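Visitor: If you scroll down you'll find the structure; I have some questions about it.
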Amino acid sequence: MFISIIIPVYNVKDYLHYAMESLFRQTYKDFEVILVNDGSTDDSGELCNHYAENHENIYVFHKKNGGLSDARNFGVEKASSDWIVFLDPDDYLEIDALELLVKIQKRYDADLISTKVKSTSTYEDYNSDHIGESDYSNLDVLSKEEALELMLQDKVATVSACAKLYHKSILERAPFPIGKIYEDFYVVGEHLALANRIVISPYKTYNYYCRPGSIVRSKFTVKRFNFFEAAEYNRSIIKKHYNSKELEDVLNIKIVQGSFSISSSAAESDVESLLLIRRKLFSLYWSVFASPKASFRLKLKYTLFLLFPKEYYKLKKMIKKVD
Numbered sequence: 094m095f096i097s098i099i100i101p102v103y104n105v106k107d108y109l110h111y112a113m114e115s116l117f118r119q120t121y122k123d124f125e126v127i128l129v130n131d132g133s134t135d136d137s138g139e140l141c142n143h144y145a146e147n148h149e150n151i152y153v154f155h156k157k158n159g160g161l162s163d164a165r166n167f168g169v170e171k172a173s174s175d176w177i178v179f180l181d182p183d184d185y186l187e188i189d190a191l192e193l194l195v196k197i198q199k200r201y202d203a204d205l206i207s208t209k210v211k212s213t214s215t216y217e218d219y220n221s222d223h224i225g226e227s228d229y230s231n232l233d234v235l236s237k238e239e240a241l242e243l244m245l246q247d248k249v250a251t252v253s254a255c256a257k258l259y260h261k262s263i264l265e266r267a268p269f270p271i272g273k274i275y276e277d278f279y280v281v282g283e284h285l286a287l288a289n290r291i292v293i294s295p296y297k298t299y300n301y302y303c304r305p306g307s308i309v310r311s312k313f314t315v316k317r318f319n320f321f322e323a324a325e326y327n328r329s330i331i332k333k334h335y336n337s338k339e340l341e342d343v344l345n346i347k348i349v350q351g352s353f354s355i356s357s358s359a360a361e362s363d364v365e366s367l368l369l370i371r372r373k374l375f376s377l378y379w380s381v382f383a384s385p386k387a388s389f390r391l392k393l394k395y396t397l398f399l400l401f402p403k404e405y406y407k408l409k410k411m412i413k414k415v416d
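For this note's numbering, count along the sequence shown from 1 and bump the result up by 93.
Laid out in structure tokens, this is it:
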């Protein structure tokens, strides 16, 4: 089984070697690497050329900057395999990640497989990470409803496009949205709706490096409102392909949870946007408050934020200083 691994590259010359070395160390060798240099302004493009010149299974394409979604979609077009794995250039795989994905696919005839992601702020464990012995014989083939609920709840799997194996046809029918952030959240419901057999594995295959300057750590901009656009697109997909009120409730909880990180950055610099986020959340209140899937802690935070948005984050900041 041949796999195409797509790596979108933009100004990551100091990090790319971690992703590449994790591929060179894979126990499973039947794959190609598609490096998409998305208009880098540092030496990333030259580094990609170096890899392609020295490895016959690595291909590099240079294009005008179009963003992460555009680079991924471009990579899917260039991939020669029907099986796709995405790897961000500053992240890395467990050394037996591809081997596990292939074994699961063959056993369950799945066309979308999702595994666990580990977040890290260091590369200290880079040389020792591997899955090791794993029992994949008792995994369940999930319905799209079951899979989406688990991903929206960040249970075992997440909405991230990484740590997954896709059949190429899914990505061709539902490409990533150009010019958006939260692009993975945007298409997760659609990707699962297009899959015939979905398997979620509890094993960690992917290491996500939380580097300074990433979207989740960056200062507030209006593009952060793409989160709400992605959420409403998922709502339309749920109504069209899932027809599940319970899933809509889970989506509402996801919206509230995601809003806290966005509103936290807005509270530092953009009070007007903070109040706009509050208005967006008002309509979800009774759905979330009545849901048994929402924790008491979340309901309390949610209520306090709606009542006292500016004071809520001032108090959090004061408590953090005391700690």
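All C-beta atoms in this analysis are idealised placements derived from N, C-alpha and C, irrespective of residue type, glycine included. In this text the structure is predicted, and so the values were computed from the model without any measurement.
I'd like the span of the alpha helix (DSSP H) that includes L258, first residue to last.
Guide: First-last for L258: 257-260, but that is the beta strand (DSSP E), not the alpha helix (DSSP H).
Visitor: Just confirm the distance between the C-beta atoms of L243 and I263, as a whole number of angstroms; I'd bet it's less than 8 Å.
Guide: No, L243 and I263 are not in contact; Cβ-Cβ is about 18 Å, not under 8 Å.
Visitor: Given that a residue counts as buried once 16 or more other Cβ atoms are within 10 Å of its Cβ, and exposed if not, what is P402?
Guide: It is buried - the Cβ of P402 has at least 16 other Cβ atoms within 10 Å.
Visitor: Does the segment 333-350 come within contact of the segment 274-294, defined as at least 3 CB pairs closer than 8 Å?
Guide: Verdict: yes, contact present.
Visitor: Counting beta carbon pairs with one atom in the segment 155-174 and one in the segment 106-119, are three or more of them shorter than 8 Å?
Guide: Contact between the segment 106-119 and the segment 155-174 is absent, because fewer than three Cβ pairs lie under 8 Å.
Visitor: Determine the DSSP secondary structure at V415, reduced to helix, strand or coil.
Guide: Because V415 sits at a pLDDT of 49, beneath the cut-off of 50, its placement in the model cannot be relied upon, and the following sentence gives the value as read from the coordinates. Note: V415 maps to helix in three-state DSSP.
Visitor: Kindly indicate which three-state DSSP category F401 falls into: helix, strand or coil?
Guide: Residue state, collapsed to three classes: coil.
Visitor: Please list the terminal residues of the continuous alpha helix (DSSP H) segment that includes V343.
Guide: Where V343 is concerned, the enclosing alpha helix (DSSP H) stretches over 338-362.
Visitor: Identify whether V249 lies in helix, strand or coil by the three-state DSSP scheme.
Guide: Three-state result, V249: coil.
Visitor: Excluding the 5 residues flanking E192 on each side, which residues of the same chain have their C-beta closer than 6 Å to its C-beta?
Guide: T120, Y121.
Visitor: Give the straight-line distance between the Cα atoms of N142 and K347, rounded to the nearest whole angstrom.
Guide: Going by the C-alpha atoms only, they are around 41 Å apart.
Visitor: Is it buried or exposed for T134, if we count other Cβ within 10 angstroms and need 16 for buried?
Guide: The residue in question, T134, is exposed, as its Cβ has fewer than 16 Cβ neighbours within 10 Å.
Visitor: In or out: K237 buried (at least 16 other Cβ within 10 Å) or exposed?
Guide: Classification of K237: buried, given that the 10 Å Cβ count is 16 or more.
Visitor: Nearest to F353 by CA position, among I330, T396, N327, is which residue?
Guide: It is T396 whose Cα lies nearest to the Cα of F353.
Visitor: The beta strand (DSSP E) spanning L43 covers which residue range?
Guide: Given a span of 94 to 416 for the chain in the structure shown, any question on residue 43 remains unanswerable.
Visitor: DSSP three-state label for Y326, please.
Guide: Correct three-state label for Y326: helix.
Visitor: Using a 10 Å radius around the Cβ and a threshold of 16 neighbouring Cβ atoms, would you call A383 buried or exposed?
Guide: Exposed is the call here.
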